[in-house]
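At position 47 of the sequence shown the residue is numbered 50 (our numbering), and the sequence of numbers has no breaks.
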Amino acid sequence: MINTKHIIKRQSQRSIPKAIVNYIYQYGEGLNDKELYLSKKSAQAIKAEIRGQFQEGCAEEAFFFGHENNDRSITKGENVSPIISKLMEQIDRCVGVKLVASGEILITCYRCGRKQRKSASIKRREKFIH
4 MINTKHIIKR QSQRSIPKAI VNYIYQYGEG LNDKELYLSK KSAQAIKAEI RGQFQEGCAE
64 EAFFFGHENN DRSITKGENV SPIISKLMEQ IDRCVGVKLV ASGEILITCY RCGRKQRKSA
124 SIKRREKFIH
């Protein structure tokens with residue numbers, strides 16, 4: 004994935020973490036050739052993947068929002084469940100985020116409004132009907 008200057012700026016303005024953008028790119032539902040959408044269903048798939056990573060014991064490889072690998076709470080061996088719950092809350096807050104990408108180049112991301120969410124769900128349904 005190649006991040007443009009535009010998406011980096013928009014991510015910080017709209018408080019969408021880099022890890023969420025990576026997850027949308029991997030698990031997001033394609034609306035058309037260029038748009039990926041994080042629906043509730045794809046958010047559940049992301050959560051299942053994260054739970055699987057923590058159950059396998061590879062917490063270092065999982066994405067942490069605001070935590071680096073050298074974070075004190077992780078190195079002290081404190082309970083990891085608060086980190087997981089924070090991660091799950093962040094994913095829930097980012098349901099409805101749309102990512103615009105052209106192949107491997109990420110162009111922009113934004114949170115959809117009510118009308119855009121409704122049209123995205125209609126587009127997804129049409130995709131499965133035809």
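Cβ coordinates follow ideal geometry from the N, Cα and C atoms, glycine included.
Distance between beta carbons of residue j and residue i, contact taken as under 8 Å
{"i": "residue 3", "j": "residue 18", "result": "Absent from the model: residue 3. The displayed extent of the chain is 4 to 133, so no value can be given."}
{"i": "residue 112", "j": "residue 24", "result": "6 Å"}
{"i": "residue 101", "j": "residue 38", "result": "6 Å"}
{"i": "residue 14", "j": "residue 8", "result": "Rounded, the Cβ-Cβ distance is 11 Å, inconsistent with contact."}
{"i": "residue 109", "j": "residue 5", "result": "7 Å"}
{"i": "residue 34", "j": "residue 40", "result": "5 Å"}
{"i": "residue 94", "j": "residue 48", "result": "Contact flag wrong, Cβ pair sits at about 10 Å."}
{"i": "residue 57", "j": "residue 10", "result": "Contact flag wrong, Cβ pair sits at about 28 Å."}
Residues that residue i bridges to, as DSSP identifies them
{"i": "residue 39", "result": "33 and 102"}
{"i": "residue 5", "result": "108"}
Coil, strand or helix - residue i by DSSP
{"i": "residue 129", "result": "helix"}
{"i": "residue 55", "result": "helix"}
{"i": "residue 124", "result": "helix"}
{"i": "residue 17", "result": "coil"}
field: Residue ranges of each alpha helix (DSSP H) within the region 86-113, 4 or longer
entry: None, since the region 86-113 contains no complete alpha helix (DSSP H) of that length.
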